[in-house]
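Written below as structure tokens is the structure these notes are about.
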Amino acid sequence: MSDSPVDADEVQHVADLARVDLDDSDADEFAAQFADILDYFEALDEVPEVDSDPELVNVMRADEVEEGLSQDEALRNAPETEDGFFKGPSVS
Numbered sequence: 000m001s002d003s004p005v006d007a008d009e010v011q012h013v014a015d016l017a018r019v020d021l022d023d024s025d026a027d028e029f030a031a032q033f034a035d036i037l038d039y040f041e042a043l044d045e046v047p048e049v050d051s052d053p054e055l056v057n058v059m060r061a062d063e064v065e066e067g068l069s070q071d072e073a074l075r076n077a078p079e080t081e082d083g084f085f086k087g088p089s090v091s
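Right, here's the structure in full:
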């Protein structure tokens, strides 16, 4: 077993909370993948900080209010609606 902060038991616990069935080999595989991801984050901690460039400017356009869809238009292609709302599957 590695010294990863995430082990197969924790993966299985989160899977149980999410009501996802995982067998032991899947939990082991996900734990190893989480360990790899956390290693990448640790590598990012080693990247030196740089001063910001005052000449950089925001290249994103400004938000503009535009006319949206009416309720009927938004619901037109919905497979199911109820009382003017989207109807989705029941969640237990």
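Sequential numbering of the sequence shown, starting at 0, is according to numbering that gives the first Met the number 0. C-beta: ideal position from N, C-alpha, C; glycine also.
- Who are the Cβ neighbours of residue 31 in its own chain at under 7 Å, not counting the five residues just before and after it? none
- Task: Spatial neighbours of residue 1 within its chain, please: CB distance less than 7 Å, with the 5 preceding and 5 following residues excluded, ordered by chain position.
- Result: Because the pLDDT of residue 1 is 49, which lies under 50, any placement of that residue in the model is unreliable, and the number read from its coordinates should be weighed accordingly. So the list reads 34, once near-sequence residues are dropped.
- Message: Can you look up residue 66 in the DSSP assignment and give me helix, strand or coil?
- Response: coil
- Task: Rounded to whole angstroms, what's the CA-CA distance from residue 40 to residue 49? Just pull it up for me.
- Result: 18 Å
- Find out if the Cβ-Cβ distance for the pair residue 20, residue 7 is shorter than 8 Å. no
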